[in-house]
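Numbering (my numbering), first residue to last: 2 to 671.
We put the CB at the ideal spot given by N, CA and C, even for glycine.
Below: one structure, written as structure tokens.
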Amino acid sequence: MAQPSTPSHHATTSSIFGGPPAHAAAPAPTQAGSGQASQAASSSAPVANAAPTPASAASSSNTYIMPNSPAKARPLADGYRPKITRTLGQRPACLVNASVTYCGNNQIYAFGGFDQYTDEVYNHVLRLDLSCHQWSLVDNYGDIPGVRMGHTATLYQGDKLLVFGGENEHRTYLSDLIIFDLKTAHWTQPQVSGPLPKGRARHAAVLHEDKLFIIGGITGQNNYVLDDICYLDLRTFTWSKAWRFVGRFDHSAYIWDDRVWVFGGLSEDMDKISDLWWLDLKGSPEFDSRPHFGVFDRHSAANRAAGSPRAPYSLASAPVVGTSGYAANSRTAQVNPPSFQLKTYAPLAPGSISALKFMSGPTIPSQGSGIHYHAYSSGTLLDFVTPAATITPRECSLSALDLATLRWQKLAEGREIFKSGYRWHYCTMNEDGTKAWLLGCPTDPTATDLGPNGYEEYLSDIMEIDLRRYGFLGSNMTPEPRSESRPSATTRAVDSPSKGLGTDLAKLFNQPPESGSGTDFVITALAEEYDEDDGQHGSSLVRAEEATGGQSWLAPDVPTSQPMHVHKLILQARWPHFARLYNSQMAEFQTKKMHIPEPYSVVRAFLLYLYTDSIRGTAEAEGEAATELPDVAGLLVMSNIYNIPHLRLLCVNRLAKELDVEHAGRRRSA
């Protein structure tokens with residue numbers, strides 16, 4: 002049977018902060034220091050230097066070349082490496098099986114766990130302020146929970162932590178739910194109804210539509226692995242029944258596209274699992290409706306537990322602090338009632354259950370080596386393979402599994418992310434899936450702190466990873482569809498939601514003024530047959546000494562594309578560089594014409610982006626994506642030239658998913 006990471010019973014008494022033995026009174030929280038988080042100054046593209054346009058230049062037959070911004074003004078992703086920062090204040094010891102959760106407002110909360118050296122189990126609440134990298138102990142009140150480890154802490158409604166389950170220092174598996182209010186630092190234990198789930202630890206919890214789903218874990222006297230799934234309706238605090246799904250512990254779970262996804266973890270034989278399971282929630286009334294049960298009869302539960310081989314525990318008396326009987330920020334203080342667990346078999350979960358096992362491949366991370374941390378963002382599973390005793394930073398990586406295509410991709414090599422000399426213990430992510438943090442400590446003894454037992458390890462260092470650098474849009478943004486994706490032939494128009502204002506505006510794009518579209522500006526680009534090797538863009542410009550007033554004008558012999566009719570108001574609102582030039586009343590202000598020396602397909606896709614905030618390259622909401630990868634690469638160049646971070650993010654996101662050797666070679670030879 003699987004054995005959990007559980008402390009022994011001969012622990013010595015010491016502080017969670019690694020110092021001398023703590024007294025009854027919890028130490029007062031340390032005030033945040035005056036250190037300020039360094040911020041990179043963002044610079045916008047400078048306005049092109051040009052003399053005021055003379056009146057003689059205001060001829061309708063002239064077209065002004067759109068000047069490029071200097072490349073030095075754009076933010077560069079080349080050479081990006083996450084930064085490691087040493088934290089301050091009351092740094093916790095290297096806790097095992099604690100919960101570490103990003104809770105917004107630049108704050109990370111840690112709760113519970115046990116000390117890997119002293120085996121002390123805690124119920125401390127610790128807060129890390131990311132603005133000054135300061136740890137502090139949080140005074141908390143109310144229904145304070147007992148010490149625990151292997152629990153889950155899920156952020157709910159932006160200001161509450163839902164703590165479920167875990168295991169106390171006496172190997173008692175818990176099934177209680179306690180809510181921690183981040184604003185008031187008060188604990189509350191709601192009255193729940195319905196069939197209580199089995200007490201468990203090292204399970205997975207995920208939130209979806211006011212339902213807290215609990216999946217798997219370990220329980221019972223022999224630590225057998227649970228294979229069930231259930232949920233708590235947070236509107237009525239009613240537990241659903243349990244169904245069979247997949248058996249594992251120390252795994253990760255995610256809900257996306259109306260499916261519950263489960264990956265990684267350990268089996269009953271302590272084997273690291275590399276298969277992916279998912280359960281379809283859509284169309285199952287058991288998941289759509291609220292569970293209907295009366296108040297759970299605890300006496301009946303005790304009757305069902307009769308005959309359990311587990312020996313009963315005697316309850317130790319403890320001073321009552323708060324309504325729960327536990328003291329805040331304490332350790333190994335009280336024995337909870339025993340958790341009687343009988344192995345029962347639940348019915349199979351409703352809905353379609355599927356599984357996929359990843360055998361091998363150059364981009365598939367091996368789950369058997371290294372320390373893996375799994376996180377989810379934008380319908381993508383992230384696998385951080387971090388350094389361990391048996392693996393070097395060069396063998397580590399950051400990989401991504403696209404849940405839509407079930408394809409792995411390696412985003413970065415280990416040497417590009419991880420610095421040698423560190424070990425990482427926890428990973429957490431912000432609410433929109435654009436940043437991740439790894440918490441750990443140095444492996445060099447000289448870099449650790451000297452405690453009463455010699456050099457001791459703390460959660461002293463944090464590494465922030467900006468996932469947008471790797472093309473992640475975040476959970477609040479819709480990813481760009483692939484060019485090969487098509488809507489189902491059986492999909493009715495009424496089933497498709499509105500695509501928003503951008504789609505409606507795109508219907509007016511490139512429509513002549515006489516059609517009533519209201520277009521009032523013309524943009525041209527390089528003709529499709531234009532050869533860059535012959536012209537190199539320079540031949541399209543009249544020399545400065547030949548132009549009136551020193552302006553750069555389009556040469557008459559340059560093959561230009563067909564005109565594209567646009568609305569200058571949209572360009573001014575969406576394109577800061579155009580707005581600055583237009584407000585300066587330069588030549589394009591007078592002529593209402595502009596030439597952008599880029600291929601026609603790239604410029605057209607760029608203008609459609611300004612209208613739709615998308616790089617699909619089509620104005621049709623249900624139409625097939627028209628922007629090919631070479632044009633996306635051209636858009637990436639324009640995003641850097643004109644310093645448009647959002648456009649760059651969309652381009653990197655799609656290129657990261659679709660770019661392969663064939664497309665890269667085609668782009669290079671083009």
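Apart from sequence neighbours up to five positions away, the residues of its chain that approach S241 with a beta-carbon distance below 6 Å are C231, Y232, P292, ordered along the chain. Beta-bridge pairing by DSSP links T387 to I372. Look at P443 here: in three-state DSSP terms it is strand. Taking every protein chain shown into account, the CB of H647 has fewer than 16 other CB atoms within 10 angstroms, so this residue is exposed. Between G195 and A205, the beta carbon gap of about 20 Å keeps them out of contact (Cβ cut-off 8 Å).
For V101, there is no enclosing alpha helix (DSSP H); the residue is part of the beta strand (DSSP E) that begins and ends at 100-103. Contact holds between the stretch 180-187 and the stretch 153-166, because three or more Cβ pairs, one in each stretch, are under 8 Å apart. The residue among F473, T406, T387 with its C-alpha nearest the C-alpha of A657 is F473. Assignment of beta strand (DSSP E) within the stretch 181-224, counting only whole runs of 3 or more residues, yields 187-189, 205-209, 212-216 in chain order.
In chain order, A94 place their CB closer than 6 Å to the CB of D116, counting only its own chain and leaving out the 5 sequence neighbours on each side. In terms of Cβ geometry, A606 and I597 do not form a close pair [threshold 9 Å]. Here A202 is near F250, since their CB atoms are less than 9 Å apart. Judged by DSSP secondary structure, R260 falls within the beta strand (DSSP E) whose first and last residues are 260-264.
A residue is called buried once 16 or more other Cβ atoms fall within 10 Å of its Cβ, and A574, having fewer, is exposed.
Per DSSP, the continuous alpha helix (DSSP H) segment holding F288 begins and ends at 286-289.
Of the other Cβ atoms in all chains shown, 16 or more fall within 10 Å of the Cβ of M565; this residue is therefore buried. When the Cα atoms are used, R149 and G248 turn out to be separated by approximately 22 Å. DSSP places L608 inside the alpha helix (DSSP H), whose first and last residues are 601-613. In the DSSP annotation of this structure, the continuous segment of the beta strand (DSSP E) that includes V164 starts and ends at 161-168. Counting only residues of its own chain and dropping the five nearest sequence neighbours on each side, G362 has a CB closer than 8 Å to the CB of W409.
A residue is called buried once 16 or more other Cβ atoms fall within 10 Å of its Cβ, and R128 is buried on that count.
In this structure, the alpha-carbon of N654 lies about 42 Å from that of P191. Rounded to the nearest angstrom, the gap between the Cα atoms of D140 and H134 is 19 Å. From the listed residues A347, I524, M464, T504, the smallest Cα separation to Y601 is found for I524. For the pair I85 and Y459, the Cα-to-Cα distance works out to about 15 Å.
Its chain contains P600, S602, V603, A606, G618 as the residues whose beta carbon lies nearer than 8 Å to that of D632, once the 5 sequence neighbours on both sides are disregarded; these appear in chain order. Annotated three-state conformation of A657 is helix, per DSSP.
Burial state of R87 is exposed, judged by a 10 Å Cβ sphere holding fewer than 16 other Cβ atoms. No residue range can be given for K242, since it is assigned to no beta strand (DSSP E) and is classified by DSSP as neither H nor E. The shortest CA-to-CA distance from L402 to any of T391, E170, H375 is the one to H375. Counting every other CB atom within 10 Å of its CB across the protein chains shown gives N106 a total below 16, marking it as exposed. Of the residues assessed, S516 falls on the exposed side of the cut-off, its CB having fewer than 16 other CB atoms within 10 angstroms. Considering only R581, E529, T119, the residue with the shortest C-alpha distance to T561 is E529. G90 is classed as buried because its beta carbon has at least 16 other beta carbons within 10 Å across all chains shown. N223 and D661 have their C-alpha atoms some 49 Å from each other. A Cβ-Cβ separation of about 6 Å places S379 in contact with G434 under the 8 Å criterion.
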